[in-house]
Amino acid sequence: MVHKTAESVAERALDSLPWKVLDPLPRSPSDHAARRDQGTRGDKIFYAITKSFSIFVIILAVLLVVYLVHGAWQSIQKFGWHFLVGMTWDPVAEIFGTLPTIVGTLAKSFLAILIAVPISLASAIFLAIYAPRWLRNPLSYLIELLAAIPSVVFGLWGLFVLVPLVRTWQIWLKAHFGWFPLFDGPAIYGVGVLCAGLILAIMITPIITAISRDLLRAVPRAQMEAMLALGATRWEAVWKAVLPYARVGLVGAVVLGLGRAVGETMAVTLVGGNAFRLPTSLFDPVHSMASQIASEFTEATYNLYVSSLIYVGLVLFGITILLGLLSQLLIWRLSRGQVGILE
Amino acid sequence: MTMNRKDNIRLAWRLFLDKFVWVFMLASTALTISVLAVILGYVVYQGYGYISWSFLTSLPTPVGQGGGGIANALVGSLIVVGIASLMAVPIGIGTAIFLNEYQSRWLGWSVRFLADVFTGVPAIVVGLFAYAMVVQPMGSFSAFSGSVAYAFLMIPILVISAQEALRLVPGEIREAALALGVPVWKTILRIVLPTCSRALMTGLLLAFARALGEASPMLFTAFGNSFWNVSLAKPIATVPLVIYRYATAPYDDWHAQAWAASLILVFIVFVASTLTRLAFRSRLDD
Numbered sequence: 034m035v036h037k038t039a040e041s042v043a044e045r046a047l048d049s050l051p052w053k054v055l056d057p058l059p060r061s062p063s064d065h066a067a068r069r070d071q072g073t074r075g076d077k078i079f080y081a082i083t084k085s086f087s088i089f090v091i092i093l094a095v096l097l098v099v100y101l102v103h104g105a106w107q108s109i110q111k112f113g114w115h116f117l118v119g120m121t122w123d124p125v126a127e128i129f130g131t132l133p134t135i136v137g138t139l140a141k142s143f144l145a146i147l148i149a150v151p152i153s154l155a156s157a158i159f160l161a162i163y164a165p166r167w168l169r170n171p172l173s174y175l176i177e178l179l180a181a182i183p184s185v186v187f188g189l190w191g192l193f194v195l196v197p198l199v200r201t202w203q204i205w206l207k208a209h210f211g212w213f214p215l216f217d218g219p220a221i222y223g224v225g226v227l228c229a230g231l232i233l234a235i236m237i238t239p240i241i242t243a244i245s246r247d248l249l250r251a252v253p254r255a256q257m258e259a260m261l262a263l264g265a266t267r268w269e270a271v272w273k274a275v276l277p278y279a280r281v282g283l284v285g286a287v288v289l290g291l292g293r294a295v296g297e298t299m300a301v302t303l304v305g306g307n308a309f310r311l312p313t314s315l316f317d318p319v320h321s322m323a324s325q326i327a328s329e330f331t332e333a334t335y336n337l338y339v340s341s342l343i344y345v346g347l348v349l350f351g352i353t354i355l356l357g358l359l360s361q362l363l364i365w366r367l368s369r370g371q372v373g374i375l376e
Numbered sequence: 202m203t204m205n206r207k208d209n210i211r212l213a214w215r216l217f218l219d220k221f222v223w224v225f226m227l228a229s230t231a232l233t234i235s236v237l238a239v240i241l242g243y244v245v246y247q248g249y250g251y252i253s254w255s256f257l258t259s260l261p262t263p264v265g266q267g268g269g270g271i272a273n274a275l276v277g278s279l280i281v282v283g284i285a286s287l288m289a290v291p292i293g294i295g296t297a298i299f300l301n302e303y304q305s306r307w308l309g310w311s312v313r314f315l316a317d318v319f320t321g322v323p324a325i326v327v328g329l330f331a332y333a334m335v336v337q338p339m340g341s342f343s344a345f346s347g348s349v350a351y352a353f354l355m356i357p358i359l360v361i362s363a364q365e366a367l368r369l370v371p372g373e374i375r376e377a378a379l380a381l382g383v384p385v386w387k388t389i390l391r392i393v394l395p396t397c398s399r400a401l402m403t404g405l406l407l408a409f410a411r412a413l414g415e416a417s418p419m420l421f422t423a424f425g426n427s428f429w430n431v432s433l434a435k436p437i438a439t440v441p442l443v444i445y446r447y448a449t450a451p452y453d454d455w456h457a458q459a460w461a462a463s464l465i466l467v468f469i470v471f472v473a474s475t476l477t478r479l480a481f482r483s484r485l486d487d
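For the record, the sequence lines run as chains A and B.
The working numbering numbers the first residue of the first sequence as 34 and each following residue consecutively.
The working numbering numbers the first residue of the second sequence as 202 and each following residue consecutively.
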């Protein structure tokens, strides 16, 4: 009787532990073995569950490709590779080719990269190396906030603020520098390559900045200190010791930004102009792949039309996945997976 | 030791370059921050006046009638993203557990790589995927197809953020539990996950906020709806879709509503980002 009470007290003590993981202690050899088996069985089940989730993620990625190809199949069969170089997009005649949208997408994205890269690399160097600690964290936080603004809000702002502004610039540029081919376009719309490039630049700057900053922070301090000890100025140390060390990863960050710019939809749809033609100047309103899908998909009235739009999506997916793979390999090579890419 | 004139000029040039570059960097950072301030300021300035209780709780009204709100879109967004979370959270966190707790060589590596790459897949492509997988077989736009698209967007974010969270848990805690004879699965579920629950929650919040602001996959999945709907099988309104539709319409009243809806969206997203930052601060900023 006394013995039993002591045991129950011990059990109650175990139950009241802050974590309730420990089962009551085993009381006999057979009990012990049973509990151990139960533990290993639980482990096996749990392992199988988490592993199947991981495999499911891979299956999901495969499914994405399969469904895109399946959806685009009709168009792939009809147009094949000529779709990529076709200059006609005529839903009435049922002829589809997408070269102008590919060119339009790349034009907008490269313009965005051209504007964003110097600014974001400079900001990243400032945040990683120059800024004092009390300034570094708040500034990084603000730049991350910029990355968190939804695309459609950028689009709304671009449409009502940036477009009128760009229109006045266009008129001025055309009047004074109209001889320059890039400025020799229609200066009446506001929307177009220039405006879309600007809004994309704003959207990818925080992404490139955040990743570059993390990469630069990962460069060993000794790299820079050795240069400073030799009498270099801070900029010389950064330029000759820090940047070469992080070069591969920084290229990766830029490629990642390019990928985001290529796939960006809502903002570009709102300020890009959405005309199907090859851009010849910065002022031309042109479609990009994403904006063409976004603006025409619900109007597509027959299967081949829908299929062709999905084909455009497949091409877009192919381009972004190539850019994504390239950037991941470059960033991983430098950081060995230590830099998180969530932006 | 005397410096000749040439050396002096060179030194002056080096020091000037150092200063110049410093100014350029400072200016670039300031420019980025001021763009944020301008956009935010404009959204608040345009949207603040329209926000009221009735804006949040009433249905859209026909043009010209005045009033009207985004109640159906708010509820619709919550439903679509909520269902997406139900699908994405077990998969995302389960995968992250597998990646971090079991050192599987090729599978773990390839899944993590895939997750990193798939954060960059355009949302509109994911929308096409959901269209081809759900909308076409079902024969109509539906809230559920929107959830599938959002779930697909959320999974990579969840996998990465949950793995970061699990990394925060010191190995000693796992070892202590295992040394006491606790099975591995109980160690993970009852010790490791509760230890980093705050970081896990904020990762979820981040994924939730990202999905909440994404309009493009909804164009041909959830599709939008001017009326009240809570059925998963029917088209449903979401906040970013409403902003897009209202922004492209030619009515001033709708533009004002688009700004107000943007303000609400930006507010939610910023709260989520701030919480995320607070939870991960220990690792990202030393």
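Positions of the beta carbon are idealized from the N, C-alpha and C atoms, including for glycine.
Start and end residues, alpha helix (DSSP H) containing V360 of chain B: Along the second sequence, read from residue 1 onward, the residue named residue 360 of chain B stands at position 159. That run of the alpha helix (DSSP H) goes A344 to R368.
Backbone secondary structure at G404 of chain B - three-state DSSP: Position 203 of the second sequence holds residue 404 of chain B. G404 of chain B falls in the helix class under three-state DSSP.
Reduced DSSP secondary structure (H/G/I, E/B, other) of V322 of chain B: As a first step, residue 322 of chain B must be located in the second sequence, where it is residue number 121. Residue state, collapsed to three classes: coil.
Residue of A:W365, A:V275, A:F350 and A:R293 minimising C-alpha distance to F159 of chain A: Within the first sequence, the letter at position 126 stands for residue 159 of chain A. Nearest of A:W365, A:V275, A:F350 and A:R293 to F159 of chain A, Cα basis: A:V275.
Residue from A:F316, A:A308 and A:L356 whose Cα sits closest to the Cα of D123 of chain A: As a position in the first sequence, residue 123 of chain A is number 90, starting the count at 1. Taking only the C-alpha atoms, the option nearest D123 of chain A is A:A308.
C-beta atoms of L367 of chain B and I298 of chain B nearer than 9 Å: Sequence index remark: in the second sequence, residue 367 of chain B carries index 166 (1-based). Sequence index remark: in the second sequence, residue 298 of chain B carries index 97 (1-based). Closer than 9 Å, so yes.
Selection from A:I109, A:L97, A:G104 and A:I82 that minimises the alpha carbon distance to I292 of chain B: Reading the second sequence from its first residue, position 91 is the one you call residue 292 of chain B. Nearest of A:I109, A:L97, A:G104 and A:I82 to I292 of chain B, Cα basis: A:I82.
Euclidean distance between Cα positions of M322 of chain A and I392 of chain B: By 1-based counting over the first sequence, the position of residue 322 of chain A is 289. By 1-based counting over the second sequence, the position of residue 392 of chain B is 191. Going by the C-alpha atoms only, they are around 48 Å apart.
P323 of chain B vs E329 of chain A beta-carbon contact at 9 Å: In the second sequence, counting from the first residue as 1, residue 323 of chain B sits at position 122. In the first sequence, counting from the first residue as 1, residue 329 of chain A sits at position 296. No; because the gap between Cβ atoms is not below 9 Å, this pair is not in contact.
Own chain, CB closer than 6 Å to L215 of chain A, minus 5 neighbours either side, in chain order: Along the first sequence, read from residue 1 onward, the residue named residue 215 of chain A stands at position 182. Cβ neighbours of L215 of chain A beyond the five flanking positions: S314 and L315.
Cβ pair S153 of chain A, S245 of chain A closer than 9 Å: Numbered from 1 along the first sequence, position 120 holds the residue referred to as residue 153 of chain A. Numbered from 1 along the first sequence, position 212 holds the residue referred to as residue 245 of chain A. Yes, the Cβ-Cβ distance between S153 of chain A and S245 of chain A is below 9 Å.
Cβ pair S360 of chain A, V295 of chain A closer than 9 Å: For the purposes of this step, residue 360 of chain A is taken as the residue at position 327 of the first sequence. For the purposes of this step, residue 295 of chain A is taken as the residue at position 262 of the first sequence. S360 of chain A places its beta carbon 9 Å or farther from that of V295 of chain A.
Segments assigned alpha helix (DSSP H), at least 4 residues, entirely inside the region 108 to 191 of chain A: 115 to 118, 132 to 158, 166 to 181 and 184 to 190
Neighbour flag for L144 of chain A against chain B, beta carbons, 9 Å: Within the first sequence, numbered from 1, the residue matching residue 144 of chain A stands at position 111. Answer no: the Cβ-Cβ gap between L144 of chain A and chain B never drops below 9 Å.
Contact with chain B by W268 of chain A, beta-carbon distance below 9 Å: As a position in the first sequence, residue 268 of chain A is number 235, starting the count at 1. For W268 of chain A, the closest Cβ of chain B is nearer than 9 Å.
W460 of chain B CB to nearest heavy atom of the ligand GTP below 8 Å: With respect to small molecules bound, the structure shown includes none, and the ligand GTP cannot be examined in it.
Pairwise C-alpha distance: Y452 of chain B and P436 of chain B: Here the question's residue 436 of chain B lines up with position 235 in the second sequence. Here the question's residue 452 of chain B lines up with position 251 in the second sequence. So the two alpha carbons sit approximately 24 Å from each other.
Among B:V336, B:Y246 and B:L442, the one whose alpha carbon lies nearest that of Y100 of chain A: Counting from one through the first sequence, the residue named residue 100 of chain A turns up at place 67. If we check each option's Cα against that of Y100 of chain A, B:V336 comes out closest.
Proximal residues of chain A, C-beta to C-beta of F314 of chain B below 7 Å: Here residue 314 of chain B is taken as the residue at index 113 of the second sequence, counted from 1. The contacting residues are Q361.
Neighbour list for G357 of chain A in chain B, Cβ cutoff strictly below 9 Å: Position 324 of the first sequence holds residue 357 of chain A. Within chain B, the residues near G357 of chain A are D317, V318, F319, T320, G321 and V322.
Which listed residue (A:A300, A:S156 and A:R267) has its alpha carbon closest to that of R225 of chain A: In the first sequence, counting from the first residue as 1, residue 225 of chain A sits at position 192. Contrary to the premise, residue 225 of chain A reads as Gly rather than Arg in this sequence. With distances taken between Cα atoms, G225 of chain A lies closest to A:A300.
Contact belief for V236 of chain B with L179 of chain A at Cβ below 8 Å, rounded distance in angstroms: Here the question's residue 236 of chain B lines up with position 35 in the second sequence. Here the question's residue 179 of chain A lines up with position 146 in the first sequence. Indeed they touch by this definition, with Cβ atoms about 7 Å apart.
Proximal residues to L363 of chain A (C-beta, below 7 Å), its chain only, five neighbours per side dropped: Sequence index remark: in the first sequence, residue 363 of chain A carries index 330 (1-based). Only V281, G282, V284, G285 and V288 meet the Cβ criterion.
The region 159 to 172 of chain A / the region 465 to 477 of chain B touching (three or more Cβ pairs under 8 Å): In this structure the region 159 to 172 of chain A does not touch the region 465 to 477 of chain B; the number of beta carbon pairs closer than 8 Å is below three.
Rounded Cβ spacing between I280 of chain B and A363 of chain B (contact assumed at less than 8 Å): Here residue 280 of chain B refers to the residue found at position 79 when the second sequence is read from its first residue. Here residue 363 of chain B refers to the residue found at position 162 when the second sequence is read from its first residue. The distance from the Cβ of I280 of chain B to that of A363 of chain B is about 24 Å, inconsistent with a contact at the 8 Å cut-off.
Min CB distance S341 of chain A to chain B below 9 Å: One-based indexing of the first sequence puts residue 341 of chain A at position 308. Not one chain B Cβ lies under 9 Å of S341 of chain A.
Segment contact flag, the region 394 to 410 of chain B with the region 423 to 439 of chain B, C-beta cutoff 8 Å, min 3 pairs: no
Short Cβ contact (9 Å threshold) for L291 of chain A with S142 of chain A: Indexing the first sequence from 1 puts residue 291 of chain A at position 258. Indexing the first sequence from 1 puts residue 142 of chain A at position 109. The answer is yes: Cβ separation under 9 Å.
Distance CB(H115 of chain A)-CB(G137 of chain A) smaller than 9 Å: As a working mapping, residue 115 of chain A is identified with position 82 in the first sequence. As a working mapping, residue 137 of chain A is identified with position 104 in the first sequence. Result no, Cβ atoms of H115 of chain A and G137 of chain A do not sit closer than 9 Å.
Coarse secondary structure for A277 of chain B, derived from DSSP in three states: Here residue 277 of chain B refers to the residue found at position 76 when the second sequence is read from its first residue. In the sequence as presented, Ala is not what sits at residue 277 of chain B; that position holds Gly. If DSSP states are grouped into helix, strand and coil, G277 of chain B belongs with the helices.
Burial state of G268 of chain B, where buried means 16 or more other Cβ atoms lie within 10 Å: What you label residue 268 of chain B is simply residue 67 of the second sequence in a count that begins at 1. Exposed.
Contact check, V271 of chain A vs I176 of chain A, beta carbons under 9 Å: Mapped onto the first sequence, residue 271 of chain A falls at position 238. Mapped onto the first sequence, residue 176 of chain A falls at position 143. No, Cβ-Cβ distance for V271 of chain A and I176 of chain A is not below 9 Å.
Neighbour-count burial assignment, R211 of chain B, 16 or more Cβ in a 10 Å radius: As a working note, residue 211 of chain B is residue 10 in the second sequence. Looking at its Cβ environment, which holds fewer than 16 other Cβ atoms inside 10 Å, R211 of chain B is exposed.
Rounded straight-line distance, which links the Cα of F350 of chain A to that of G357 of chain A: Indexing the first sequence from 1 puts residue 357 of chain A at position 324. Indexing the first sequence from 1 puts residue 350 of chain A at position 317. Rounded to whole angstroms, G357 of chain A to F350 of chain A spans 10 Å at the Cα level.
C-beta neighbour in chain A for E373 of chain B, strict 9 Å: Position 172 of the second sequence holds residue 373 of chain B. So, not an interface residue.
Residue-chain proximity (K207 of chain B, chain A), Cβ-Cβ < 9 Å: On the second sequence, position 6 is the one that residue 207 of chain B refers to. No, because no Cβ of chain A sits closer than 9 Å to the Cβ of K207 of chain B.
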